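Before any comments, here is the structure.
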Ligand SMILES: [Mg+2]
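Numbering (our numbering), first residue to last: 128 to 369.
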């Protein structure tokens with residue numbers, strides 16, 4: 128009887144081992160596949176998706192920005208004027224590196240159609256540090272967050288839904304998305320500071336700081352603004368007008 132029992136236990140042990148070996152092998156091969164895929168990605172996309180340096184750098188920018196904004200808000204903001212912080216979305220708040228991976232896998236380059244499909248998937252992730260920064264800004268009084276992005280205005284709803292899912296949306300936010308090709312960012316910046324066009328109902332606002340990943344996200348030759356002080360540039364080696 129005891130012999131039979133020991134034999135039964137041995138069988139169970141062997142069966143368990145065979146299952147474990149099976150699971151481990153599939154895990155290993157999945158890991159190998161992912162590593163292989165990552166190794167094939169172009170350096171720019173791999174740096175954004177895989178490096179600790181990218182995450183550290185963008186968190187560093189947001190940490191520095193918050194220290195400055197907190198001090199600026201304390202010293203500058205008064206209730207007589209309406210103040211705003213203008214933030215770009217893509218590669219500033221939203222991380223679209225998965226779109227770049229899809230392009231690479233399909234041997235494609237950027238095109239407005241596939242970009243629109245991507246935006247409607249609502250799968251953008253957060254640039255590290257952006258949510259913490261936005262949460263801090265929301266706690267300040269008399270600051271309006273304006274998201275000024277070249278996402279097309281027709282894609283406002285999926286953009287908002289993506290941001291709701293990521294926890295970076297509030298009802299009082301203003302979105303100034305692109306209406307058409309001629310609707311450049313400087314036109315929308317002027318609407319904010321002059322209280323015209325889409326900003327007519329809000330009135331003119333003073334801009335405390337700008338955030339973006341491209342030169343066109345910032346005002347040109349304005350001595351009130353300095354990079355690292357009240358303008359913050361984020362790294363984006365994946366695309367741009369260079
Ligand atoms: Mg951008």
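Glycine is no exception: its CB is placed at the ideal position from the N, C-alpha and C atoms. All of these numbers come straight from a predicted model, not from anything done at the bench.
According to the DSSP assignment, residue 279 belongs to the beta strand (DSSP E) that extends over 270-279.
For residue 185, the enclosing alpha helix (DSSP H) covers residues 179-203. Closer than 8 Å to some heavy atom of ligand 1: that describes the Cβ of residue 341. For a cut-off of 8 Å, the C-beta gap from residue 213 to residue 337 is around 5 Å, short enough to register as a contact. Ligand 1 has no heavy atom closer than 8 Å to the beta-carbon of residue 304.
In the structure shown, the three-state DSSP call for residue 211 is strand. Around the C-beta of residue 276, 16 or more other C-beta atoms lie within 10 Å, and the residue is accordingly described as buried. At least one heavy atom of ligand 1 lies less than 8 Å from the C-beta of residue 217. Per DSSP, the unbroken alpha helix (DSSP H) holding residue 265 starts and ends at 257-265. Here the alpha carbons of residue 243 and residue 285 stand approximately 10 Å from one another.
Scanning its chain for C-beta atoms nearer than 6 Å, with the 5 sequence neighbours on each side dropped, one finds around residue 293 the residues 253, in chain order. For residue 183, the number of other beta carbons within 10 angstroms of its own is below 16, and it is reported as exposed. Counting C-beta pairs closer than 8 Å gives three or more between the segment 260-273 and the segment 202-222, which meets the contact rule. Under DSSP, residue 305 shares a beta bridge with 279. By the criterion of a C-beta distance shorter than 6 Å, residue 193 is surrounded in its chain by 260 and 263, once the five residues flanking it on both sides are discounted. DSSP links residue 222 through a beta bridge to 252. For the options 333, 303, 204 and 217, the alpha carbon positioned closest to that of residue 366 is the one of 217.
Per DSSP, residue 334 is one residue of the beta strand (DSSP E) stretching across 333-339. For the pair of segments examined, the segment 354-365 was found to touch the segment 184-204: the number of CB pairs separated by less than 8 Å reaches three. Taking the CA atoms as reference points, residue 232 sits about 28 Å from residue 291.
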